[in-house]
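Undergrad:
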């Protein structure tokens, strides 16, 4: 992307194809010098304030947020920022940052989480289908032409092409909802209608302002029952965390990747947004096929549950399948599980969905890096 030379490159959260690889840690703090996210107090009119700041402070408005967040994103001269912070309608201002991806056989993950024995999903028998729950993949986009994916909508908030030119989002989408059609792979929630929300570019990176706009769009446009997956993240951001929390509170369940740095997930956004029990945001760490925690997986009190994330086979950009590893691959197992639950409990709150997932967790006996027992997703009774 054109802004990479100015952008802070955050933790790379997608491991290499076919082999788990821990990403580089964050290299610093801050963001592009003149890109900012301005969050307003409740009651302030974001469009009116943005227009005023454009006229009075030379703010070049990129996005106005009205649902998941109240505010706007803009390029603002550094010398004008103190005046904007001093506006009584402004709650806080933070630098815009860059996030990155956290990167028909029946994949081992489908069996591990019990989707193949779920009486609702019946994933892998050639006829499994979950058609009444919408899945929103906030990522690098989805290959709309892939025959294994039911993509009903696609929106783009990056500065580039509307296509998935990276492939990460297409892989994630397949784990959530690849069709049970006797070809390629099958997803946890087979055939669920997918919407690609492109917030990451061809290089797998995207400004937080793009991501927040994607969350804002989902909040305004999601058709319930709905789940959203965010296999991305980076440095802590109050604005991004607030947007995800507000969106979940509006009735959309979120599965979020914990990150691939082998560190505390509470040090990353939006992984830390799910801190606490049953708030409708589940932060997902990764296990391997032996139910051991992946070496690269983040851990800690912000992790809600574990799911398969090593050598996961799923849909590939351009057709067919490919194998990837990362907490990016773990999170969509849980988004799919939430979709299966909602298909038979369509009026459930996001807190109820998370509670149901939590109550169905299995304890394989292995431990995380912090010594805590791993609690792995299992939806065989859904």
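In this note's numbering, the protein residues as written are 817 to 1198.
Cβ atoms here follow ideal geometry from the backbone N, Cα and C, with glycine treated the same way.
(1) Starting from the Cα of residue 1058, find the closest Cα among 1088, 1047, 1145 and give me that residue.
(2) Kindly confirm or deny that the region 1017-1025 and the region 910-920 touch, where touching means at least three C-beta pairs closer than 8 Å.
(3) Quick one, which of 1101, 1102, 1072 has its alpha-carbon nearest residue 1095's?
(4) Whose C-beta lies closer than 6 Å to the C-beta of residue 964 among residues of the same chain, with five residues either side of it excluded?
(5) Are the CB atoms of residue 1003 and residue 986 within a distance shorter than 7 Å?
(6) Just to confirm before moving on: does the CB-CB distance between residue 950 and residue 1029 stay below 7 Å?
(7) Alpha carbon to alpha carbon, how far is residue 1032 from residue 1061? Give it in angstroms, no decimals.
(8) If you reduce the DSSP assignment to three classes, tell me which class residue 977 lands in.
(9) What does the alpha-carbon distance come out to for the pair residue 984 and residue 1035?
(10) The beta strand (DSSP E) that contains residue 910, what's its start and end?
(11) Whole angstroms are fine: how far does the CA of residue 1161 sit from the CA of residue 1106?
(12) My parser needs the beta strand (DSSP E) runs of 3 or more residues fully inside the region 1020-1062; what are they?
(13) Tell me, which residues are paired with residue 1109 by DSSP?
(14) Out of curiosity, what's the CA-to-CA distance linking residue 1126 and residue 1134?
(15) Which full runs of the alpha helix (DSSP H) of 4+ residues lie inside the region 1135-1167, going along the chain?
(16) With a threshold of 16 other CB atoms inside 10 Å of the CB of residue 894, please say whether the residue is buried or exposed.
(17) Measure the beta-carbon distance from residue 976 to residue 1017 and round it to whole angstroms, keeping in mind my assumption that it falls under 8 Å.
(18) Buried or exposed: which applies to residue 820, given that a residue is buried once 16 or more other Cβ atoms fall within 10 Å of its Cβ?
(19) Under 8 Å: do the region 854-868 and the region 882-901 share three or more Cβ pairs, one atom per stretch?
(20) What residue range does the alpha helix (DSSP H) around residue 1124 cover?
(21) Using 8 Å as the threshold, is the region 1162-1176 in touch with the region 1142-1154, meaning 3 or more CB pairs across them?
(22) Hey, could you find the ends of the alpha helix (DSSP H) residue 915 is sitting in?
(23) Using 8 Å as the Cβ pair cut-off and three pairs as the minimum, do the region 1067-1084 and the region 1005-1012 touch?
(24) Here's the rule: buried if 16 or more other CB atoms are within 10 angstroms of the residue's CB, otherwise exposed. What is residue 998?
(25) Taking the alpha-carbon positions, what's the residue 970 to residue 898 distance?
(26) In whole angstroms, what is the alpha-carbon distance linking residue 1102 and residue 867?
(27) Hey, out of 908, 981, 1146, 1056, whose CA is closest to residue 1084's CA?
(28) Taking DSSP's pairing of strands, which residues face residue 986 in a bridge?
(29) In angstroms with no decimal places, state the Cα-to-Cα distance between residue 863 and residue 883.
(30) Mind checking which residues open and close the alpha helix (DSSP H) that includes residue 1002?
(31) With DSSP as the reference, identify every bridge partner of residue 1098, one or two as the case may be.
(32) Got a sec? Which residues, its chain only, sit under 8 Å from residue 1189 by beta carbon, not counting five neighbours each side?
(33) Helix, strand or coil for residue 929? Go by DSSP, reduced to three states.
(34) Please report the distance separating the alpha-carbon of residue 1006 from that of residue 947.
(35) Return the bridge partner residues of residue 1012 from the DSSP annotation.
TA: The short version:
(1) 1088
(2) yes
(3) 1072
(4) 994, 995, 1000, 1131
(5) no
(6) no
(7) 11 Å
(8) coil
(9) 22 Å
(10) 906-911
(11) 31 Å
(12) 1021-1023, 1042-1046
(13) 1103
(14) 22 Å
(15) 1143-1160
(16) exposed
(17) 5 Å
(18) Caution is warranted here: a pLDDT of 34 is assigned to residue 820, below 50, making its placement in the model unreliable, and the coordinate value is therefore given only provisionally. By the neighbour-count rule (16 or more Cβ atoms within 10 Å), residue 820 is not buried but exposed.
(19) yes
(20) Per DSSP, residue 1124 belongs to no alpha helix (DSSP H); it is in the beta strand (DSSP E), 1121-1124.
(21) yes
(22) Run containing residue 915: none in the alpha helix (DSSP H); it sits in the beta strand (DSSP E), 914-917.
(23) no
(24) exposed
(25) 38 Å
(26) 44 Å
(27) 1056
(28) BP columns for residue 986 are empty, so no partner.
(29) 12 Å
(30) Careful: residue 1002 lies outside any alpha helix (DSSP H) and carries neither H nor E.
(31) 1071
(32) 1179, 1181, 1182, 1183
(33) coil
(34) 8 Å
(35) 953, 970
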